[in-house]
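Colleague: Note that my numbering has the sequence shown beginning at 855, numbered continuously upward. For each residue, glycine too, the CB sits at the ideal point set by N, CA and C. Before anything else, here's the structure in question.
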Amino acid sequence: MKNPDVTVRRCDYADTDDLNAIGTLINAYIEDEMGDGGGEPLERQQQLRLAEALGRHPKSIVLLACIGEVRCGMLVAFENFSTFTVSPMINIHDVIVLKEYRGKNVGRRLLEAVISMARERRCSRITLEVRVDNPVARHLYKSAGFDSPSPEMSYWRKNLQE
């Protein structure tokens, strides 16, 4: 069966359906075993605050993937600056595809869109994090040209809020 057409566009913060999609998609990711792995979904007020904060952030990139009228995927990234290359870079924070739309090129189209955007902005690189126990995502990223840096690095964090 042929994969359906996937369109990708920037989030329109004036569109209520786009704002609702942010909440739906982030909750799907929070509840997914490869996301937060069963974390607590955001309540409606938190979803609205998230959408508002992303819309206000001067360097946020929020892309929505649609099949027909269904917003079935989202990529959240932030433009940053590389001191090593003295040029902009993009860090992908989240790539989310609703379970029932996986395997339909939704993730690939989101990556293609952000890669194109990064080239237009003359970015030196795009970075992302991927769980070592997520072979599906790792395969997608590798097929899109991403790879582990050499020397390999690990992701560290310090939680400031519980």
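#1: Between which two residues does the beta strand (DSSP E) carrying residue 905 extend?
#2: Is the stretch 869 to 883 close to the stretch 978 to 986, with three or more CB pairs under 8 Å?
#3: Do you know offhand how far residue 894's Cα is from residue 885's?
#4: Less than 6 Å between C-beta atoms, sequence neighbours within five positions excluded: which residues of the same chain meet that for residue 965?
#5: What three-state label does DSSP hand residue 1008 in the structure shown?
#6: Can you pull the DSSP bridge partners for residue 943?
#7: Can you tell me whether residue 872 is buried or exposed, with buried defined as 16 or more other CB within 10 angstroms of its CB?
#8: What's the C-alpha gap between residue 883 and residue 857?
#9: Evaluate contact between the stretch 932 to 946 and the stretch 909 to 922, counting only Cβ atoms and requiring at least three cross-stretch pairs below 8 Å.
#10: Tell me the residue span of the alpha helix (DSSP H) that contains residue 960.
#11: Roughly how many angstroms lie between the CA atoms of residue 956 and residue 949, to the nearest whole one?
#12: Sort 1015, 1004, 993, 986 by Cα distance to residue 889 and report the nearest one.
Modeller: If we stick to the structure as given:
#1: Taking the first residue of the sequence shown as position 1, residue 905 is located at position 51. Following the DSSP letters along the chain, one finds residue 905 in no beta strand (DSSP E) but inside the alpha helix (DSSP H) bounded by residues 898 to 910.
#2: The stretch 869 to 883 is not in contact with the stretch 978 to 986.
#3: By one-based count along the sequence shown, residue 894 stands at place 40. By one-based count along the sequence shown, residue 885 stands at place 31. Rounded to the nearest angstrom, the two C-alpha atoms are 7 Å apart.
#4: Looking up residue 965 in the sequence shown gives position 111. Once the five neighbours on either side are set aside, the close Cβ partners of residue 965 are 998.
#5: The residue you call residue 1008 lines up with position 154 of the sequence shown. Taken through DSSP and simplified to helix, strand or coil, residue 1008 comes out as coil.
#6: In the sequence shown, the residue the question calls residue 943 occupies position 89. DSSP lists 934 as partners of residue 943.
#7: To locate residue 872, count along the sequence shown from 1; it is residue 18. Within 10 angstroms of the beta-carbon of residue 872 lie 16 or more other beta-carbons, which makes it buried.
#8: For the purposes of this step, residue 883 is identified with residue 29 of the sequence shown, where counting begins at 1. For the purposes of this step, residue 857 is identified with residue 3 of the sequence shown, where counting begins at 1. In a straight line, the C-alpha of residue 883 is about 22 Å away from that of residue 857.
#9: Yes: the two stretches touch, three or more of their Cβ pairs being nearer than 8 Å.
#10: To locate residue 960, count along the sequence shown from 1; it is residue 106. Per DSSP, residue 960 is one residue of the alpha helix (DSSP H) stretching across 960 to 974.
#11: Locating residue 956 in the sequence shown gives position 102, where the first residue counts as 1. Locating residue 949 in the sequence shown gives position 95, where the first residue counts as 1. Those two C-alpha atoms are separated by around 12 Å.
#12: In the sequence shown, residue 889 corresponds to position 35, counting from 1. Comparing Cα positions, the closest option is 986.
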